[in-house]
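Those protein sequence lines, which keep their order, are chains A and B. Residues 1 to 288 in this note's numbering are what the first sequence spells out, letter by letter. Residues 289 to 415 in this note's numbering are what the second sequence spells out, letter by letter. Read through the structure below, which is laid out as structure tokens, and then see the notes.
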Amino acid sequence: MNAIELRNLTKIYPQFTVNNVSLDVKRGYITGLIGPNGVGKSTLIKMMLGMVRPDTGSIKILGCDMPRQEIDIKQRVGIVSDDCFYYEDVSIRDMKRIIAPFYKKWNEQKFNSYLEQFELSPKKKIGQLSKGMKIKFALAVALSHEAELLIMDEPTSGLDPVFRRELLDLLAEMMQDERNTIIFSTHITTDLDRIADYISFVNRGQLVFSEAKDEVLDRYAIVKGDRQLLDSDIRKKFTGVRETAFGFEGLVENRHEAEQLFGNYAVFEKASLEDIIYYNAKGGRAHA
Amino acid sequence: MNIIISNASGDPIYMQILNQIRQSILSGELQAGDSLPSIRQLAKDLQVSVITTKRAYEELEKEQLIDSVVGKGCFVSGANKDFIREQRMKRLEEKLLEVIQDSKELSMSQQDVMEHLTLLFEEDQTS
């Protein structure tokens with residue numbers, strides 16, 4: 001069962017292209033959309049929300065067609081973004097009065113308790129909120145209308161480490177109901193290292209992979225060793241390599257194969273998501 | 289029951305969870321019929337992914353250490369201690385067979401292996 005189904009999405013901009021992306025986001029799990037800046041993560045999220053129309057391809061959200069059933073979809077979706085969608089000149093309380101009537105399942109009590117928990121004063125103007133506070137406000141709105149699907153664009157980028165951890169708890173709380181789904185884009189992968197079930201990696205407008213996080217982390221490895229071990233055939237096994245006077249460090253996609261190749265001559269370490277992003281972005285550029 | 293996840297450990301997280309729950313069951317800290325936290329609750333408390341805790345529980349079910357009852361959650365299996373011991377003995381035997389295989393490759397005699405083992409036992413007791 002998929003909460004989101006993207007099929008063959010293409011969008012051509014003068015400087016940049018989202019190229020034939022198909023992606024399934026599984027219901028009941030947390031999916032992280034990762035990749036360097038400016039590779040199409042936000043464009044994909046905006047397409048899911050109907051804010052960018054693809055040139056070709058189709059989008060299904062919670063079984064409904066986007067944009068044909070956009071109004072129904074939006075009732076069931078919570079949105080958190082680092083772009084602020086709200087009026088800058090009104091207070092939190094007034095903004096809530098504007099938004100709440102749009103939602104059939106608005107829960108006033110829940111909203112007020114989130115404001116209290118996030119230490120947001122209802123009198124404060126949206127424009128005066130810090131980046132982190134804006135995200136907290138968006139989150140309070142998103143969690144107060146019984147959304148089944150939470151879509152978040154770079155939610156942790158403006159947040160301090162204390163609230164980032166609290167956010168993980170809030171998300172895990174939402175996931176206690178197995179009908180709920182969360183997708184978020186980020187380049188801060190330490191958050192995802194903890195709680196994401198699935199990882200979708202986007203690079204230069206294309207989907208590199210989309211699979212269970214544990215499988216990704218088992219498959220990739222960081223290899224370190226003497227530069228003399230590298231020849232042109234062996235180099236091809238690496239997604240990317242960084243060489244210094246003291247040796248090399250590189251990312252391989254097939255840990256098992258690399259272990260057989262290098263045996264005891266190299267050191268193997270677990271790759272982090274950050275390593276995977278870094279070497280894919282860097283390695284890809286070097287080949288181009 | 290305590291479950292402690294170490295990021296420095298070489299073992300995958302699901303295996304750390306699996307090992308610690310198994311240990312609690314085999315040591316008798318968890319008794320047959322005791323309920324375990326739900327997959328999603330455990331994921332929340334340990335701040336790990338749902339897939340990770342799910343995998344740990346699935347492995348425990350395969351080892352027949354826990355039973356999952358749809359709509360009710362997971363429970364320590366009623367399978368008796370003899371069975372658990374038997375399972376552990378079986379795993380131990382597999383490991384010993386591996387040792388025998390390795391020692392053959394190193395052209396060690398049975399006597400050599402026995403002596404080595406005795407030595408290690410003694411070291412373990414003094415440490």
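In this text, a Cβ means the ideal position worked out from N, Cα and C, and glycines have one as well. Just so we're clear, the structure is a prediction, and the values are computed from it rather than from any experiment.
- Counting only runs of 4+ residues, the alpha helix (DSSP H) found wholly inside the region 28-96 of chain A occupies 41-48 and 70-75, in chain order.
- A contact between stretches requires three or more CB pairs, one per stretch, nearer than 8 Å, and the region 50-62 of chain A fails this requirement with the region 226-245 of chain A.
- In this chain, the alpha helix (DSSP H) harbouring S113(A) covers E108 to Q117.
- Taking C-beta atoms as the reference points, G40(A) and V18(A) count as a pair closer than 9 Å.
- Spatial neighbours of N307(B) in its own chain (CB-CB distance under 8 Å, excluding positions within 5 residues in sequence) are listed in chain order as D299.
- Shown in chain order are the members of the region 328-341 of chain B whose Cβ falls below 8 Å from a Cβ of chain A: R328, Q329, A331, K332, Q335, V336, S337, V338, I339 and T340.
- Residue burial is scored here from C-beta neighbours: T406(B) has fewer than 16 other C-beta atoms within 10 angstroms and is therefore classed as exposed.
- One Cα belongs to I135(A), the other to V90(A), and the distance between them is close to 16 Å.
- Residue state for S121(A) is assigned as coil, using DSSP reduced to three classes.
- Distance from the CA of F111(A) to the CA of N203(A), rounded to the nearest whole angstrom, comes to 37 Å.
- Of I61(A), S144(A) and Q260(A), the smallest CA-CA separation from A3(A) is found for I61(A).
- Around the CB of G38(A), fewer than 16 other CB atoms lie within 10 Å, so the residue is classed as exposed.
- For D218(A), the C-beta contacts it makes with chain B under 8 Å involve P300, in order along the chain.
- Inclusion of I372(B) and L324(B) in the CB contact set at 9 Å is not warranted, their separation being larger than that value.
- Scanning its chain for C-beta atoms nearer than 8 Å, with the 5 sequence neighbours on each side dropped, one finds around F85(A) the residues I79 and A138, in chain order.
- A296(B) counts as exposed, since fewer than 16 other beta carbons sit within 10 angstroms of its beta carbon.
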